[in-house]
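Take a look at the structure set out below.
Residue numbers (the working numbering): 7 to 206.
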């Protein structure tokens with residue numbers, strides 16, 4: 007059994023026993039870099055919605071709040087320890103003080119889009135909070151765009167779980183395809199906004 011399948015089964019067991027608090031707990035861990043697939047968490051939540059055991063909006067809210075808490079933990083870890091560690095050990099991986107300063111400037115200028123879009127990008131969504139913290143992005147802004155970026159992802163996965171019903175585990179087989187589709191959609195969206203801004 008692969009680690010992903012094992013963690014997915016563990017997640018569904020926790021949600022079955024705890025319900026909404028289980029969704030919140032697992033999504034907190036997922037956003038704090040614990041490798042629990044959000045696809046398994048929220049799609050299984052959608053399955054429970056289809057059975058009438060929990061409410062759709064409650065499931066999305068629990069997942070989103072979990073995302074926020076986990077992201078905030080990672081943000082503050084990055085803010086407190088990230089830059090000093092990079093300054094101390096970054097030279098071994100070719101990261102200099104100048105690189106850190108450039109990252110800070112990037113997040114000051116593009117942090118909103120980076121956090122918002124990053125929350126919907128597979129892999130990136132679990133780590134985007136760390137560079138935001140290292141760059142000392144305004145925490146209120148970080149909070150707003152983390153929540154806004156988490157809602158569409160969680161709503162989509164929960165809805166997929168409702169549609170799949172008892173076949174919700176199919177998501178684990180097609181998660182790579184869904185991840186690719188999400189990346190393509192976001193690239194198109196970012197390109198659209200960039201072109202629109204240039205035209206204006």
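Each residue gets a CB set at the ideal place from its N, CA and C atoms; glycine is no exception.
Residue i to residue j span [Cα, whole Å]
| i | j | result |
| --- | --- | --- |
| residue 119 | residue 151 | 8 Å |
| residue 121 | residue 26 | 25 Å |
| residue 139 | residue 173 | 39 Å |
| residue 155 | residue 133 | 14 Å |
| residue 61 | residue 42 | 22 Å |
| residue 63 | residue 115 | 33 Å |
| residue 149 | residue 15 | 30 Å |
| residue 166 | residue 52 | 7 Å |
| residue 99 | residue 123 | Residue placement at residue 99 is flagged as unreliable, the pLDDT there being 45, under the threshold of 50; the coordinate-derived value follows with that caveat. In a straight line, the C-alpha of residue 99 is about 27 Å away from that of residue 123. |
Selection from the options that minimises the alpha carbon distance to residue i
| i | options | result |
| --- | --- | --- |
| residue 19 | 131, 117, 47, 142 | 47 |
| residue 38 | 66, 157, 130, 141 | 130 |
| residue 32 | 63, 158, 52, 76 | 76 |
| residue 17 | 61, 69, 64, 58 | 69 |
| residue 161 | 83, 66, 136, 126 | 66 |
| residue 163 | 28, 123, 50 | 50 |
| residue 34 | 45, 14, 78 | 78 |
| residue 153 | 137, 126, 83 | 126 |
Helix, strand or coil at residue i [DSSP, three-state]
| i | result |
| --- | --- |
| residue 161 | helix |
| residue 15 | helix |
| residue 71 | helix |
| residue 126 | coil |
| residue 45 | helix |
| residue 51 | helix |
| residue 61 | coil |
| residue 154 | helix |
| residue 138 | helix |
| residue 76 | helix |
Environment of residue i [buried if 16+ CB atoms lie within 10 Å]
| i | result |
| --- | --- |
| residue 211 | Absent from the model: residue 211. The displayed extent of the chain is 7 to 206, so no value can be given. |
| residue 22 | exposed |
| residue 81 | buried |
| residue 12 | exposed |
| residue 73 | buried |
| residue 40 | exposed |
| residue 236 | An answer regarding residue 236 cannot be provided, because it is not within the stretch 7 to 206 covered by the chain. |
| residue 85 | buried |
| residue 54 | buried |
| residue 59 | exposed |
| residue 24 | exposed |
Beta-carbon proximity list for residue i, same chain, < 6 Å, skipping 5 on both sides
| i | result |
| --- | --- |
| residue 56 | 168, 171 |
| residue 143 | 113, 117 |
| residue 44 | 36 |
Sequence-distant residues of the same chain with beta carbon closer than 7 Å to residue i, five excluded per side
| i | result |
| --- | --- |
| residue 71 | 30 |
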